[in-house]
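Listed below in structure tokens is the structure:
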């Protein structure tokens, strides 16, 4: 069994550590032997995440455990899940969460990415948040 954790930015490093701790604690309580732990700081929209790619490419990894589906990626996680399944492997998600939460997170990520391209990375997060607030209230 392998564990995978991801956050989008360096200021979320404590959340990355929390994810790894939660996944490890779950595996220990469930009696699973963890053979690999991968944790990285990278956008879920970025398909070139080296640790995730390495983990998914390893045929010896039979089960990948993540805290939330969006930790593996923001989009098309179902395709990754299907590819794993086709090779006799599986994705195990500890907390599936609500579909609505996933959609909101996806929208925030897309808006942040779009704003970053338009206005620069420093102010992108604030502009995305303001755009969401404006959309919610108007």
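In this note's numbering, the protein residues as written are 1 to 138. In this text, a Cβ means the ideal position worked out from N, Cα and C, and glycines have one as well.
Exercise. Who are the Cβ neighbours of residue 64 in its own chain at under 6 Å, not counting the five residues just before and after it?
Worked result: What you label residue 64 is simply residue 64 of the chain shown in a count that begins at 1. Answer for residue 64: 2, 4 and 91, listed in chain order.
For this session: From the DSSP output, in three-state form, read off residue 104 for me.
Result: Within the chain shown, the letter at position 104 stands for residue 104. Residue 104 falls in the helix class under three-state DSSP.
For this session: State the Cα-Cα distance for the pair residue 104 and residue 13, rounded to the nearest angstrom.
Result: Counting from one through the chain shown, the residue named residue 104 turns up at place 104. Counting from one through the chain shown, the residue named residue 13 turns up at place 13. Going from the Cα of residue 104 to the Cα of residue 13 covers about 22 Å.
For this session: Tell me where the alpha helix (DSSP H) around residue 146 begins and ends.
Result: Examination of residue 146 is not possible in this model, given that the chain is present from 1 through 138 alone.
For this session: Please classify residue 92: does DSSP put it in a helix, a strand, or coil?
Result: Looking up residue 92 in the chain shown gives position 92. Reduced to three states, the DSSP call for residue 92 is strand.
Exercise. Going by the CB atoms, is the gap between residue 18 and residue 38 shorter than 8 Å?
Worked result: Counting from one through the chain shown, the residue named residue 38 turns up at place 38. Counting from one through the chain shown, the residue named residue 18 turns up at place 18. It is not a contact, given that the beta carbons lie outside the stated cut-off.
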